[in-house]
Every structure is written in C-alpha cells, then in structure tokens.
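The numbering used here applies: residue 9 is where the first sequence begins, and numbers increase by one. Just so you know, even glycine gets a beta-carbon here, dropped at the ideal spot from N, CA and C. Keep in mind it's a predicted model, so treat the numbers as computed, not measured.
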Amino acid sequence: MANIPDKPTLDGIEARWSARWQADGTYDFDAAAPREQVFAIDTPPPTVSGSLHMGHMFSYTHTDIVARFQRMSGKAVFYPIGWDDNGLPTERRVQNYYGVRCDPTQQYVEGFEPPFRGDVAKDHRPVPISRPNFIELCDELVEIDEQIFEAVLRRLGLSYDWSYLYATIDERSRRTSQRAFLRNLQRGEAYLQEAPTLWDIDDRTAVAQAEMEDRERQGAYHKLLFHRTDGAGDVEIDTTRPELVAACVALVAHPDDVRYQPMFGSTVRTPLYGVGVPILAHELAEPDKGTGIAMICTFGDTTDVTWWRELALEMRPIIGRDGRILPTPPSGVPAEPYAAIAGLTVAQAQKKVVEQLAASGETVGEPRPITHAVKFYERGSRPLEIVTSRQWYIRNGGRDPELRTALVKRGGEVAWHPAHMQHRYDNWVEGLNGDWLISRQRFFGVPIPVWYRLDDAGEPEYDQPLTPDESQLPIDPSTDAPPGYGNDQRGQPGGFIGDPDVFDTWATSSLTPQIAGKWEEDPALFASVFPMDLRPQSHDIIRTWLFATMVRSHHEFGSAPWRHAALSGWILDPDRKKMSKSKGNVVTPMALFDQYGTDAVRYWSGSARPGVDTAFSEDQMKVGRKLANKVLNVSKFVLGFGEVGSYEPADDGYPPDVGATEVVDQSMLARLDGVIAEATTAFEAFDYARALERTESFFWWFCDDYVELVKGRAYGSRGDAAAASARTALRTALDTLLRLLAPIMPFAAEEAWSWWHDGSVHLASWPAPLAAGGDPDLLDPVCEVMSEVRRAKTEAKQSQRAEVAELRVWAPAERRAAIDAGRADLADAGSILEITVDDGEQLRCEVVLSPSTRDAPTG
RNA sequence: GGGCGAUUAGCUCAGUUGGAAGAGCGCCACGUUCACACCGUGGAAGUCGGGGGAUCGAGGCCCCCAUCGCCCACCA
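What follows is the structure in structure tokens.
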C-alpha cells in the first residue's frame, strides 16, 4: 500500500487532521435528513469567563465519543456548540480585567479606553463607566476568550458542526430568550411580583433558589429579654441575629409547646425599642431549639419569610440593598436607639446592638459561639440578605403542586444515564419552595423585553406591562420605545419606562435546544432536531440548567426537551477532593495534549464509566498513549503484508471476510464479532467505557497473541493459500478495530485509516456483524499452549526466539481438536521443531528447548 | 433530618441475569532492536469494608452496621 510511513508517529497528527476535517466539512450536519435519522445533542455551552479545565475535557469527550458512534451508525448528528457568555461571571471578569465597574448613571464615552487590559494594578480603584461602555468591554473580552476556547475544543477533536456556533448574548439568543419569555407572559407562566427576595448585597441583585448554597459560618447565640405587657416577667429568646431586633414583628413557638401555650395571643415589648409584638403559634417553631421560642424579623432568614406570609405579619425592614442598615427606622420603631445603627453594615450593627443590650440589661449571659449554616449566593462572598423587591418569576411548580407533579412526570419521560441521577431531579423538584426568579439587576444580559406605562403622576403601572411584537425582537427597552410610543415619552407622565433588568443567565441557557435548533426561525431545522436526543451535562447543574430547560420545554411544547440525559461525573484530585482552580498549579488541557497527545487524554476520559467521579490520572494517559502508538504500529505491520487473497478494501460498506479459510483465522474473527456486538450494545446505551474496555481488551489480545501466532504464516511459511487467509483476517480485523476505536481515539484511528482508505474513518460505517462462522473459543487452548512455551523460555532465561526441540501437549479430547488446528501456527510462532498432542485430563505442556539454543553463549 | 452513590491487589478501576477472584499502572525477573524501547515475555501480590440471612453455591441477592463522598432540607 502506498502511504505507510517508515516510522509512524503520533506527533503532530492533531493539527493535521483537525485542519483536514475542517476543510472537508467532515462533521457537517445534514439538515436534509429526516428526524428519525437525526441524532441531536444539546451541548453544554461553556462559561467563557472562566477557563476550560480538565472537567470540561472529561465530559466533553464523553459526548463526542457518543456523537462519533452515532455518526458512524448512520445518523445525521446535530452537534452544535455555543458560548455561555452573558451574565454576572462575564461582568466580574471584565471588571477585573479592565479595572472598571458599571455605573448606569454615567454618560457614554465615545472611544473609551479602559485603564488596563489584564494585569490591573493592585491598588487600582475601579473606574465607573456607563452601561453602554461596559457592555462594549464585555463584548470585546468575550470575543478574545471565545477564540481561546475554540482552539482548545478543536484540539480536543470535538466533532462539532461549528457553523451552528451560538453565544448566549448574540442576537439570535436574545431574540429566542425574549420570545420564549413573552410566550410565558402571554400564557400566564411569567409574572411580576413584589416580594421578599434573596439578595446579594455585593452584586446588588436578586438571586434564585437554585443559585443559593449553604456555608458553615461562625456565629453566636445571644439570649434576649422580651417584656410581657401583663407584667408577668420576661420571655427569653435565643437569636444569632440580635441586630434585627428593630425588625422584629412577632415571637413564635410551637402550638403544642405547653411552656408558651398560655402566652399565645398576648403581647410582649421588644428590648431596646419597646415595640409591642404578638406571641404566636406555628408548626415550624422547634421546641428544642434555643429556648423554644423565636423572634420573627423581616427578614433574617427564609423561615421568617414563611412565618411573615402565613401569619400575615407586619413589615419592618431595616436592611437596605447595599447590606447596610436603612437610614430611617420602620414605622413605629423609635428613632433614638435606631440612630446608633443607621448606616452600619450588618456586622457593625450587630456589635453595636449587643453593646446596647448589655447596657440596658436586656441580654442574659455571654454569647454562646456556634457554627451554623448560612445561605450564600454560590458566587458570592457575603451572606445573602432578604429584601423586598419587584421581580419577574416563571412558574416552576414551587407554588403549584400540580405543576410540580407534571414536571416530575416529565423527568420520568427522560432516560437518565446513570439512572440514579433521576433521584436528584425528583428530589430537587419536590423540594422547591418558590417560583423561578429570572430577573437580575445587572447589565450584561438579555434585557427583559417589557415597558411600563407611567400614569399622570409619573408612577409606573406595573400590572399591565407593554410588550413588543415578536417581529421586533430582540429589543432593548432602555433604548427602544414600545409600540405606539415615541422615545420622547420615555420617563414622562403618561409615557413609559423600560424595565431596567436583564434575565438571569439560566433563563437564556435554559433555551439551548431552541437557540441551537433555530426555533421559529428555521422551522424545518427545528422540527428535525427537537426534541433532542441527548442532553449531556454535569450532575451539579441538574437543579439549574437541566431543570430550567425542562420547565421551558414543558411550558412551550408540552414535552421533555430530550430523550436522554447523560450526567458526567467530576474530576477528583488524587486525594479524592473535587479538583478546583483554587488549589493552584492545576494542569491545563493544552499542556496535557502536548505531553501525551489528544487521543491519550481522550482515552483517560473514555475509560471512566458514565456519571462516576473520576480521579485525575496521568498514568491512564500514558496507557492511552501506548494504545494509540500501538494502533499505528500494528497497522503498519498488518498492512505491510500487502493485499492478497480475496480481500477488497471498501470505502464504505464492510469488507468481506470470505478469504479467511483457516479455522484459526475464523476463530479470531468470530471473537471479534462478539466484541462488535458488545461494543455496539454498550454504545447504544451511552456506555462508552464498556465499549472501550471490550475493544481495547480484544485489541491487545489481537496484537500479543493472534498476530504473533499467525505472522509466520502471513509471511508465507505455509504457502500462498494459508498466507492469504491470515492476511485477509488481519486486514479485516484491523479495519474493524480502527472503526471501533475511532470514537475514542479519532486521531490515531484516522491516521492509520488514511494509509489504506480514501475518506475519513469517521464517516465510515460502524462495523456490522462479521459472518465469520468460526468458533470464538477455539483459540483459547492454542493461546494457553503458546503461553506455556513462553513461560518455559522465560524461566530458562532464553529469548522468545529460542528454538524448541520438542513440545509435548496433553489435553482433553475436546481441546485437542483446537490445538491440532493451531499446531502449525504454534510451531511457527514458538520456533518449535516437533509437537505431539496426547490425551490428558487437563491441558498440560512439556517444553524441551533445543540444546544448541540453551547452551549458546549469551550476549 | 431526607435521599443517592461508593467501599475488590500498593495505586486507578473492571467484574451485565449468583456457578472455581480480573485488568492496567507500579514492583521483580528475563528477553529483544527482522511492526512497536511510546517494546516483548513471565512472576509475586486480594479472608472482594464489617456482621447476619435465604441458597447446593455470594464480590454479586435480603437485613443491619461502619467509613467516605455527593444532593436536598424551614440551620431562630
């Protein structure tokens, strides 16, 4: 054959084949394919404000392996990629990269030059810039980051159709996001409500339940005295937040708590302020926590919100959106003690209040330190507060048992891989306690496409938002005017104002099937890719991305958005902790590609079972490197025998195996046939790891035993007919193995394939069953005998090429036939002069090395 | 507090309907440059977390316990 290199090498094959695939459009989606022949993947768009790490390489490889299998199986694979670039993470990166911050009150500056581009000076104070200037910098940095991302993903060999590339901030995504929201609004699935909201005081934005996490923090119980108005003494309550005493609206105990039953309905005066608050009963109060009676404040935690709502309590907010105590006390709260804390941070206020309580004698004993869980925004650095604000919500079942049940049912329509991941979904949906808050008081995001009429007094009429026609999308209500209005009416009584907020990034990324499939913009495409076949993602975002996508699809289409969900595991440090950037000196994907080769890194990913957290292992990459190298070398060797016999290489279609006339060769092919079946079944169930394991195991057996056994014959030691059988079987097996390995090791497989085929192995058909007709187990006793011969030579400290004068084998009758069939090949492979086979109860060998060999001087 | 997963050789992990403990790495020994030193051959190494139970038979099935990890929870 023409193109076999003298010295095969893995070096540089990624660059060569990546360029070739791109030039040839190897992975282009066939948009004309009918739905049943399409395999559509809802690829996770990486957050471009971070960096691509090994976790991405790991899970993205899994998906790519599946995509390649499906493509070879004859599917038109719809495999788009996008960038998740809108939202807070990008804003933060822009702030840190350019040394700026967004201040909507600033005026736009034409041609603004940021103070830095990377390497911001340590003592630099962020320069306030206008929102349009800030957005421009976001767009600029996102573009830079995305180019770097693309280079890494191409190097990983991901078989995307890059022509469907999208970004969650691009025009189509904005249009899709706004359209979906307007539909939700029309159907009553989206609504605006003023309510207590979890609030991040640093980012100055509301956050959703799904983005909240608990962190252990040091705190302390303070015992406070509330004074009974009937003069019967004081009530002691324990609290970790004494600074909120001014916000106290009631005390609460469990209805069955006999200690407090007599007090229910009576009134106590708060310490310091003397404000009268009722003592009430509620099931959520826990008798064995603290003194068994708690103070309800607006708001200290989410339980306060529940109590406030269910007990219909007053509102006495004292914490502002900047996390500081409001300048003026709530109505009915005396100004005098309050003045001391006005304007302080929560931490400062707590210290002050504790001093005040000590001075007034309304605290008992010393604070008792405790460690307790406090709610944080997952990207935040200070505890969340709860403030009242007007926000947009989408119904997700959090307040509607019927919808919740329906969404759990939708989850049941999806096949989960691994299956137990469905528990996480069910668990989350069943535990929801509020609707999905989608509005964010941020800047770099999809604007909420509504305006509000201003009444004659200039007050917004929030209950009847003005909406654009879908044909106008995307719009920006801060610059566009609503239908029937002119921009000169902006902010004027009788005119309008735009909603100043943007959607949370999940509100847009929950629409990735719609965005990638060009919903409402290319109906033919959308019809052929939706519902998608596969959603691959990490299990830690089941509650966000997966669930949110389900909600949007349920509302819009009344179906699940995909048929399968494949949840990948995490990468763990060797010490079994989740690998994190904070640990420093984490390896970068590019460095590993350079060191081991892409196929080797992919091999490490592919050998991890679906959904299982996996230790980062360079050892596994070394093994992958060995395998890739072996693929090239054995290919060279097999192809070096040349084309003989009836073998005809086929460009697509499967090569015929009719030339294998020897039972030894037929046995190998029968065994390979079993591997094809197992690998195919495994791949169809998304179990790429099993497919790899079976293929790899056969591959090494093929190289170490079968090739060794028949190579003498393939060279022609027993004549042309016997050689032709061996050569045909070798080439058939090689052809099959390259196809089986192509999804895992696309570069090495393509390289070896290219030596003797036109066209890409990645467009070749997946191996069909081989009608070999042989006995797959026939070679077992032959290989056992070969192993015995090798052992004898090794124990005699001889070369494997050492001559054997005589090999005597005893075997049960049913195995003798197999050994007889392989005896000529055995003689060749082991340099054996004479083989005798006799009956015996068990397989047993006696190996007599030739004296001349044994006595020959070594070295 | 509720739920899920894991526990097999020094390390990383397979072990698919229960039928005589496996692989790779590492280690030891030997060999070899005629496909492959990114090589080959062979070897040592495990009371399958612990305890019960059903079975002729359990790493696999049932119950209990322990340890680790993760998810969820209304954590005053």
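Sequence-distant residues of its chain with Cβ nearer than 8 Å to residue i (five each side left out)
{"i": "D238", "result": "S274"}
{"i": "V609", "result": "M65, T69, L164, P597, L600, F601, M629, G632"}
{"i": "I287", "result": "V243, A258, L259, V260, A261, Y268, M271, F272, G273, S274, T275, V276, I301"}
{"i": "L411", "result": "R403, N404, G405"}
{"i": "H132", "result": "G107, P123, F124"}
{"i": "A414", "result": "G405, H562"}
Proximity test, residue i beta-carbon vs the ligand ADP heavy atom, cut-off 7 Å
{"i": "D484", "result": "With respect to the ligand ADP, the structure shown offers nothing to examine, as it has no ligands at all."}
Simplified DSSP assignment, three categories, for residue i
{"i": "A261", "result": "strand"}
{"i": "K801", "result": "helix"}
{"i": "S81", "result": "coil"}
{"i": "R831", "result": "helix"}
{"i": "K383", "result": "strand"}
{"i": "W447", "result": "The question names Trp, but residue 447 is Ser in the sequence shown. Strand."}
{"i": "F538", "result": "coil"}
{"i": "N593", "result": "With a pLDDT of 48 at N593, under the threshold of 50, the modelled position of this residue cannot be trusted; read the value that follows with caution. Three-state result, N593: coil."}
{"i": "F157", "result": "helix"}
{"i": "K231", "result": "strand"}
{"i": "S576", "result": "strand"}
{"i": "Y662", "result": "The predicted model places Y662 with a pLDDT of 47, which falls under 50 and marks its position as unreliable; any figure quoted below should be read in that light. Three-state DSSP puts Y662 in coil, outside helix and strand."}
{"i": "P204", "result": "strand"}
{"i": "I550", "result": "helix"}
{"i": "L857", "result": "strand"}
{"i": "S773", "result": "coil"}
{"i": "W5", "result": "The chain is shown only over 9 to 867; residue 5 falls outside these bounds and no answer can be derived."}
{"i": "G870", "result": "Residue coverage of the chain in this structure runs from 9 to 867, which leaves residue 870 outside it and unanswerable."}
{"i": "T689", "result": "helix"}
{"i": "L815", "result": "strand"}
{"i": "A175", "result": "strand"}
For residue j and residue i, believed in contact at Cβ under 8 Å, the rounded distance
{"i": "L745", "j": "W761", "result": "Not a contact, Cβ separation roughly 10 Å."}
{"i": "G107", "j": "V135", "result": "6 Å"}
{"i": "I333", "j": "L321", "result": "Not quite, the Cβ-Cβ distance comes to about 20 Å (not below 8 Å), so this is no contact."}
{"i": "P784", "j": "R679", "result": "4 Å"}
{"i": "A756", "j": "L640", "result": "6 Å"}
{"i": "G433", "j": "F555", "result": "In the sequence under discussion, the amino acid at residue 433 is Tyr, which differs from the Gly named in the question. Indeed they touch by this definition, with Cβ atoms about 7 Å apart."}
{"i": "Y35", "j": "P88", "result": "No, Y35 and P88 are not in contact; Cβ-Cβ is about 11 Å, not under 8 Å."}
{"i": "D846", "j": "M794", "result": "With a Cβ gap of about 18 Å, D846 and M794 do not count as contacting."}
{"i": "W578", "j": "G63", "result": "6 Å"}
{"i": "L474", "j": "W459", "result": "4 Å"}
{"i": "W91", "j": "E154", "result": "5 Å"}
{"i": "L152", "j": "C110", "result": "First, the residue type needs correcting, since residue 152 is Ile and not Leu in the sequence shown. Between C110 and I152 the Cβ distance is about 19 Å, and since that is not below 8 Å, they are no contact."}
Own chain residues within Cβ distance below 7 Å of residue i, not counting five before or after
{"i": "S185", "result": "V454, F511, A515, T516, L519"}
{"i": "V372", "result": "K231, L233, E244"}
{"i": "E796", "result": "C853, V855"}
{"i": "Q430", "result": "G419, W424"}
{"i": "G46", "result": "The question names Gly, but residue 46 in the sequence shown is Val. Hits under 7 Å: K83, A84, F86, S536, V537."}
Close Cβ partners of residue i (< 6 Å) along its chain, the five nearest in sequence each way excluded
{"i": "F307", "result": "P204, V313, I394"}
{"i": "F120", "result": "N141"}
{"i": "G830", "result": "V672, V790"}
{"i": "T213", "result": "R448, Q449, R450"}
{"i": "E202", "result": "R398"}
{"i": "R249", "result": "G308"}
{"i": "E814", "result": "E842, V856"}
The region 615 to 634 touching the region 762 to 777, judged by at least three CB pairs closer than 8 Å: no
The region 214 to 223 in contact with the region 248 to 266 per 3-pair CB rule at 8 Å: no
Any alpha helix (DSSP H) of 4 or more consecutive residues that is wholly inside the region 501 to 527: 513 to 517, 520 to 524
Length-filtered (3 minimum) beta strand (DSSP E) runs lying within the region 277 to 350: 284 to 289, 301 to 305
Cβ contact check for the region 541 to 555 and the region 569 to 577: 3 or more pairs under 8 Å: yes
Unbroken stretches of the alpha helix (DSSP H), 4 residues or longer, contained in the region 56 to 131: 62 to 80, 96 to 106
Contact between the region 593 to 605 and the region 157 to 166 (3+ Cβ pairs under 8 Å): yes
Inter-stretch contact at 8 Å, needing at least 3 Cβ pairs: the region 831 to 841 / the region 716 to 734: yes
Inside the region 592 to 631 only - beta strand (DSSP E) runs reaching at least 3 residues: none
Three-pair Cβ contact test at 8 Å for the region 502 to 510 versus the region 180 to 196: no
Segment contact, 8 Å Cβ cut-off, at least three pairs: the region 361 to 368 with the region 377 to 393: no
Alpha helix (DSSP H) runs contained entirely in the region 684 to 740, provided each spans 4 or more residues: 696 to 709, 715 to 723
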